[in-house]
Amino acid sequence: MPSATVNKPRPSELLSRLTSAEPEVKVRALREVKNQIIGNRTKKLSFLKLGAVPAVAGILADSIDDVTENNNCNNTNNFLVQSAAALGSFACGFDAGVQAVLDAGAFPNLLRLLANPNEKVVDAVARALRMIYQSKLAPKYDFLQQKNMEFLISLLNSEKETVSGLGASIITRSCETNLEQKALFDAGILRKLNSLLEGGSLSQRDASLESLATVFRNNPEVISKFAGPEIGRPLSSIIDLAKDRYPRTRLLACMCLIVIRNASPHFLQDIGIKTKLIHILLELLDDPGQVGDEAPFAFSSLIAQKEDLQKLALEANAIDKFHHHIKKGSLHPRRYEGILLALADMCSKLESCRTKFLSLQAKPSQSLEPFKALASNGIHTATKPKPSSSRDQELMLASFVLNLVADALTDYNAGVRAAACICLKSVTRSIQKLSAGYFMNETIVIPLVQLFLDPSTSVQVAALGATSNIVVDFTTSKSIFVQCGGMKQLIQLAKSMESSVRSNALWALKNFVFQADNRLKEGVFSELTASLLSSLIRDPEPSVQEQALALVRNLVDGCINLIEFVFAEDGLILGAIGRQLQCASKAEIGIQGMYALCNVASGNEFHREAVMQLLFTQMGDKNQSFVVKFLQSNDSQLRTATVWTIVNLTCPSSPGAPCRLEKLRNAGIVSQIKNMVNDPCVDVKVAIFFIFRISPCENSARAIYGFRGQLSMSVFIHYSEYKRQEILKQLVFQSSSPLFF
Amino acid sequence: MREEWEKRLNHIRIRKEDMNKLVMNFLVTEGYAEAVAKFRMETGTEPDMDVAMITDRMAVKKAVQCGNVEDAIEKVNDLNPEILDTNPELFFHLQQQRLIELIRNEKIEEALEFAQEELALRGEENQSFLEELERTVSLLVFKDVSNCPLRELLDISQRLKTANDVNAAILTSQSHEKGLNTINNIRSLSLEIVRKLVYLLALAQNIILESYLFNK
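Taken in sequence, the protein lines are chains A and B. Taking this note's numbering, the leading residue of the first sequence gets -14, the next gets one more, and so forth. Taking this note's numbering, the leading residue of the second sequence gets 26, the next gets one more, and so forth.
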């Protein structure tokens, strides 16, 4: 079949024409290459592979020589413009292209050409350089060198939009440290950028907004100098631009304002500006292009970690709006990821947001219809289903929106999958919903467990985070999780090469066995094995050590038989705990280790003697005893954990207690504890009550239930369902709870 | 009554300068370069951009309106290579138009090859184009395109729509001043003026009615 586009040369032929001796052929081929690659990412890649970039860069270099030799001016300019435009297009939004342009040595030539007398040449060159500076691969610009600063100022002062835009791009890309930000301020750059804001063209305003945000980032000093009285009221020009007619300008202005808000507690804190920012960003979601894709990320940066803003956003119906966009489907992956992360931020702290999210429906009629039908069915049979409770209705509603999240878990884009996991993690912080068994179902668990094997580490870690919350489940059995191989996978991941995967897998396991039944714990332990667990306790990474110790703590809590775990294989685990406590690099390791020992000591005499031996064999020199060190620690949790361990070792019902008490007294531990009677921390004081056997009255009993880390108190306290819920509530509302992610 | 009218008229401020600006913006946007020059001379209103740029832009618009899409693309790239490089939707619409023109001229083989080599890639690069892509490619299925369900794609209005999109994109890239020389602003300014004219009309009606009643 004859080719219909016979007059269109193939890429390889075009390339050979680039090296032609005839200038006419050459320039036409150059223009053709440029026209073929503009807007066409696939063509850029194929030309790149054929080596087009060095060829074009070569033409640029040759033309510069022609300029210096004053050869045919028009022709030369034409070559310069076309080759610069082609290089710029290769670099536009295409990292491989940027790298190729840099590798071909075109960068210094482009810089030189900024001084060319011909306007079109300068325009083309400035654009090409700006494309390079939009990529992270751009060469770092050293602002601290006087020469460079002067060059930058000359760029910004240029009347040509393309050139001043280049200056702004250089700032946006390369300005990183506080020192550089200050240097830019001192050189008067901010004043110049501000004038571009007020009197510049559209592209100058946009470029200026981006540069200002870069200079302000995390630098309250520069912000207050800029917003100070000398330059008039520059913040108001940025605020005005947030209401500009162009969506991109609105977005960039909002992002600049958010940077200022986040860096400096003095500016833009009133409720008016907060509400305005929220509304503008939510409205920008409707933009079909890149602006709409980036808007949710800006929204996240506004509300993350800030309850007041999350509340305002909830009132502005943010969750409904995000849900509406997800429902529309066929989203650009960037937008999908952004919306999921924004939802994650919304639900990260406030139960009201999580409830709102889970009450969203796929279609208004769908949710209640089946229940209506049941209700109107007048047939009385033995098998008539019980009238649906409101809990069932709630579960059904939740399943709709969870289906949306579950879809995202299987998306082809890794960023979307990770974002879906992070969203789940936030939503599953809801104790209420966890207790009601919202999440331990196939829709969520099966795709989540599949992500444990995801090729991307960040997706794995995010999936583990969501799992950690979901497996804390009291009402329903965790059998779904076990059945789909979740438990076994977690143990496999605990052996991963990546430390973040190991520590997060252990975290999930720790939560999985929290107050679980004995059979489940035995299953975990036999799969895990004592040797693996002890090696994890001795892992090189402190975060892994901490989680491994916490896992032991949760495993041995409860029935006495479980304490035998630490004695398996010649006391491998107990030994590892002892060695790790001796050289604990941070308080958290000490805390988990001591609670583990505390739980062991809540068993029988043999167990208590073993713990005692551990404490004392490590104490070569009394001054180096880790027990005393922990009792003197600044960390109140560590002090508390240590005291509770001593409590268990000296509980009066055990025959060996007086002997152990004597040993502790001789080691100076008892006097140390006596000094702590007026400890500033209530938890410590409560624990000390028990050492000195002051009988717990109503008040101290209540104090105990309000206190974290109760798990070691199995000797004295029997849990009822009610009490477990009370303790759990306390656990969650503590922000530094070891339990919830 | 005349005084009443004039008093109320004075409250309405449609300044002559605003009207002139509106007219100038319209002439610039629609690309009537000669009219721009004449109007400038007569009223002293300054256009917000270089008149030479108007000619360039109009050449592109005209090329699309005549169905010479390839030529239009080359001209846009000469004007500013960034426009099509950073505007995937516009680029897609231009290529879509190119395919439509090939089909209109019954160059079916060429159209097929173009759809395969170029348009399919756009669909791969960006899923949101897929639906429109499928619609356009479906044209190839029909023997009698002018009577098929998708015949509106072949309509001149489709060309005009694409031409306007390109015009707007070029205008945006060329925009200098803060606001006033864009299509949106023309709309909002003209809306303002229309509103005031309607008010005037209503006012005139009221006054006539009053006088009628009064005289009765």
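Cβ atoms here follow ideal geometry from the backbone N, Cα and C, with glycine treated the same way. Computed from a predicted structure; not experimentally measured.
Original post:
Applying a beta-carbon distance threshold of less than 8 Å, which residues of chain A neighbour B/P174?
Top reply: Within the second sequence, numbered from 1, the residue matching residue 174 of chain B stands at position 149. Chain order gives no chain A residues near B/P174, where near means a beta carbon separation below 8 Å; the closest approach is about 23 Å.
Original post:
By the 10 Å Cβ neighbour count, where 16 or more other Cβ atoms means buried, how is A/Y231 classified, buried or exposed?
Top reply: Counting from 1 along the first sequence, the entry for residue 231 of chain A is found at position 246. Buried.
Original post:
Cα separation between B/E28 and A/G184?
Top reply: If you number the second sequence from 1, residue 28 of chain B lands on position 3. If you number the first sequence from 1, residue 184 of chain A lands on position 199. Each residue's CA atom was taken as its position, placing B/E28 and A/G184 some 43 Å apart.
Subject >> Contact with chain A by B/Q183, beta-carbon distance below 8 Å >> reply: The residue you call residue 183 of chain B lines up with position 158 of the second sequence. False, the Cβ-Cβ gap to chain A never drops below 8 Å.
Subject >> Alpha-carbon to alpha-carbon, A/E268 and A/A100 >> reply: Counted from its first residue, the first sequence places residue 100 of chain A at position 115. Counted from its first residue, the first sequence places residue 268 of chain A at position 283. Within the model, the alpha-carbon separation for A/A100 versus A/E268 is close to 43 Å.
**OP:** Can you tell me which of the three DSSP states A/G691 falls into?
**Re:** Within the first sequence, residue 691 of chain A is the residue found at index 706, counting from 1. Reliability fails at A/G691, whose pLDDT of 39 lies under 50, so the model's placement of it is uncertain and the value that follows must be treated cautiously. The DSSP-derived three-state label of A/G691 is coil.
Original post:
Relative to the alpha-carbon of A/S639, which residue among A/F611, A/Q532, A/E590, A/A421 has its alpha-carbon at the smallest distance?
Top reply: Counting from one through the first sequence, the residue named residue 639 of chain A turns up at place 654. Nearest of A/F611, A/Q532, A/E590, A/A421 to A/S639, Cα basis: A/E590.
Original post:
So, does the CB of B/P113 fall closer than 8 Å to a CB anywhere in chain A?
Top reply: Mapped onto the second sequence, residue 113 of chain B falls at position 88. Output row for B/P113: interface = yes.
Original post:
How many whole angstroms separate the CB atoms of A/V86 and A/V38, which I take to be in contact at a CB cut-off of 8 Å?
Top reply: Taking the first residue of the first sequence as position 1, residue 86 of chain A is located at position 101. Taking the first residue of the first sequence as position 1, residue 38 of chain A is located at position 53. Their Cβ separation, rounded to whole angstroms, is 6 Å, which keeps A/V86 and A/V38 in contact under 8 Å.
Original post:
Just how far apart, CA to CA, sit A/S656 and A/I676?
Top reply: For the purposes of this step, residue 656 of chain A is taken as the residue at position 671 of the first sequence. For the purposes of this step, residue 676 of chain A is taken as the residue at position 691 of the first sequence. Distance between A/S656 and A/I676, taken at the CA atoms: about 12 Å.
Original post:
Taking the alpha-carbon positions, what's the B/L222 to A/D80 distance?
Top reply: Here residue 222 of chain B corresponds to residue number 197 of the second sequence, with the count starting at 1. Here residue 80 of chain A corresponds to residue number 95 of the first sequence, with the count starting at 1. Roughly 55 Å separates the two Cα atoms.
Original post:
What does B/I98 reach in chain A if we use C-beta pairs closer than 7 Å?
Top reply: To locate residue 98 of chain B, count along the second sequence from 1; it is residue 73. What B/I98 touches in chain A: N20.
Original post:
Got a sec: which bits of the region 306 to 326 of chain A sit with their beta carbon under 7 Å from any beta carbon on chain B, in order along the chain?
Top reply: Listed by position along the chain: S315, H317.
**OP:** Can you give me the start and stop residues for the alpha helix (DSSP H) that A/C729 sits inside?
**Re:** Because chain A is modelled from -14 through 726, residue 729 of chain A falls outside the range shown and cannot be assessed.
Original post:
Can you check whether the CB of A/N204 is closer than 8 Å to the CB of A/A238?
Top reply: Taking the first residue of the first sequence as 1, we reach residue 238 of chain A at position 253. Taking the first residue of the first sequence as 1, we reach residue 204 of chain A at position 219. No; because the gap between Cβ atoms is not below 8 Å, this pair is not in contact.
Original post:
Taking only beta-carbon atoms, is A/R26 less than 8 Å away from chain B?
Top reply: For this step, residue 26 of chain A is matched to residue 41 along the first sequence. Contact with chain B is found for A/R26, since one of that chain's Cβ atoms lies less than 8 Å from the residue's Cβ.
Original post:
Does the pairing of the region 169 to 179 of chain B with the region 104 to 113 of chain B give three or more beta-carbon distances under 8 Å?
Top reply: These segments do not touch.
Original post:
From this set, A/F615, A/D191, A/A42, which residue's C-alpha is nearest A/P93's C-alpha?
Top reply: For this step, residue 93 of chain A is matched to residue 108 along the first sequence. Nearest to A/P93 by C-alpha distance, out of A/F615, A/D191, A/A42, is A/A42.
**OP:** Give the interface partners of B/F116 over in chain A, defined as CB-CB distance under 9 Å, in chain order.
**Re:** In the second sequence, the residue the question calls residue 116 of chain B occupies position 91. Those within 9 Å of B/F116 in chain A are I23, G24, N25.
**OP:** Can you grab the Cα-Cα spacing for the pair A/K121 / A/T162, in whole Å?
**Re:** Your numbering for residue 121 of chain A matches position 136 in the first sequence. Your numbering for residue 162 of chain A matches position 177 in the first sequence. As the crow flies, the alpha-carbon of A/K121 is around 16 Å from that of A/T162.
Subject >> Cα-Cα separation, A/F552 to A/E647 >> reply: Position 567 of the first sequence, counted from the first residue, corresponds to residue 552 of chain A. Position 662 of the first sequence, counted from the first residue, corresponds to residue 647 of chain A. Each residue's alpha carbon lies about 26 Å from the other.
**OP:** Return the CA-CA distance between B/F139 and B/L124, expressed in angstroms with no decimal places.
**Re:** Here residue 139 of chain B refers to the residue found at position 114 of the second sequence. Here residue 124 of chain B refers to the residue found at position 99 of the second sequence. B/L124 has its alpha-carbon roughly 7 Å from the corresponding atom of B/F139.
Subject >> Proximity of A/N489 and A/G450 at Cβ, strictly below 8 Å >> reply: By 1-based counting over the first sequence, the position of residue 489 of chain A is 504. By 1-based counting over the first sequence, the position of residue 450 of chain A is 465. It is a contact, given that the beta carbons lie within the stated cut-off.
Original post:
Residues in its own chain within less than 8 Å of A/S441 by CB, not counting five upstream and five downstream?
Top reply: Counting from 1 along the first sequence, the entry for residue 441 of chain A is found at position 456. Same-chain partners within the cutoff: A399, R402, A403.
Original post:
What number of angstroms, rounded off, separates the C-alpha of A/I243 from the C-alpha of B/S163?
Top reply: As a first step, residue 243 of chain A is located in the first sequence; it is residue number 258 there, counting from the start. As a first step, residue 163 of chain B is located in the second sequence; it is residue number 138 there, counting from the start. Approximately 47 Å, taken between the alpha carbons.
Original post:
Where does A/C58 land, buried or exposed, given buried means 16+ other C-beta within 10 angstroms?
Top reply: As a working note, residue 58 of chain A is residue 73 in the first sequence. When all chains shown are included, A/C58 counts as exposed.
Subject >> Closer than 8 Å to chain B by CB, A/T(-10) >> reply: If you number the first sequence from 1, residue -10 of chain A lands on position 5. Because A/T(-10) sits at a pLDDT of 45, beneath the cut-off of 50, its placement in the model cannot be relied upon, and the point is left open.
**OP:** For A/T395, count neighbouring C-beta atoms within 10 Å of its own C-beta (all shown protein chains included) and say buried if the count is 16 or more, exposed if not.
**Re:** Within the first sequence, numbered from 1, the residue matching residue 395 of chain A stands at position 410. Exposed, by the Cβ-count rule.
Subject >> Amino acids of chain A, ordered along the chain, whose beta-carbon sits closer than 8 Å to that of B/Q152 >> reply: Within the second sequence, numbered from 1, the residue matching residue 152 of chain B stands at position 127. Ordered by position in chain A, the residues that pass the 8 Å Cβ test against B/Q152 are S315, H317.
Original post:
Buried or exposed: where does A/S722 fall if 16 or more other Cβ atoms within 10 Å of its Cβ makes it buried?
Top reply: Residue numbering aside, residue 722 of chain A sits at position 737 when the first sequence is read from its first letter. For A/S722, the predicted structure reports a pLDDT of 30, less than 50, and the residue's modelled location is therefore unreliable. The matter cannot be settled from this model.
Original post:
Can you find a CB in chain B that lies within less than 8 Å of the CB of A/A111?
Top reply: For the purposes of this step, residue 111 of chain A is taken as the residue at position 126 of the first sequence. Not one chain B Cβ lies under 8 Å of A/A111.
**OP:** Check whether the Cβ atoms of A/I407 and A/I429 sit closer than 8 Å, and answer yes or no.
**Re:** Your numbering for residue 407 of chain A matches position 422 in the first sequence. Your numbering for residue 429 of chain A matches position 444 in the first sequence. The Cβ atoms of A/I407 and A/I429 do not sit closer than 8 Å to each other.
Subject >> For A/G90, the nearest candidate out of A/W629, A/V106, A/F437, A/A69 (CA to CA) >> reply: Start at 1 with the first residue of the first sequence, and residue 90 of chain A comes out as number 105. For A/G90, the closest C-alpha among the options A/W629, A/V106, A/F437, A/A69 is that of A/A69.
**OP:** Report yes if the CB atom of A/L566 is closer than 8 Å to the CB atom of A/G556, and no otherwise.
**Re:** Walking along the first sequence from the start, residue 566 of chain A turns up at place 581. Walking along the first sequence from the start, residue 556 of chain A turns up at place 571. Between A/L566 and A/G556, the C-beta spacing is not below 8 Å.
Original post:
Counting along the chain, where does the alpha helix (DSSP H) carrying A/H310 start and finish?
Top reply: Stepping through the first sequence from its first residue, residue 310 of chain A is reached at position 325. DSSP places A/H310 inside the alpha helix (DSSP H), whose first and last residues are 303 to 313.
Original post:
Alpha carbon to alpha carbon, what distance is there between A/D47 and A/F128?
Top reply: Here residue 128 of chain A refers to the residue found at position 143 of the first sequence. Here residue 47 of chain A refers to the residue found at position 62 of the first sequence. If I take the Cα positions, the gap works out to 31 Å.
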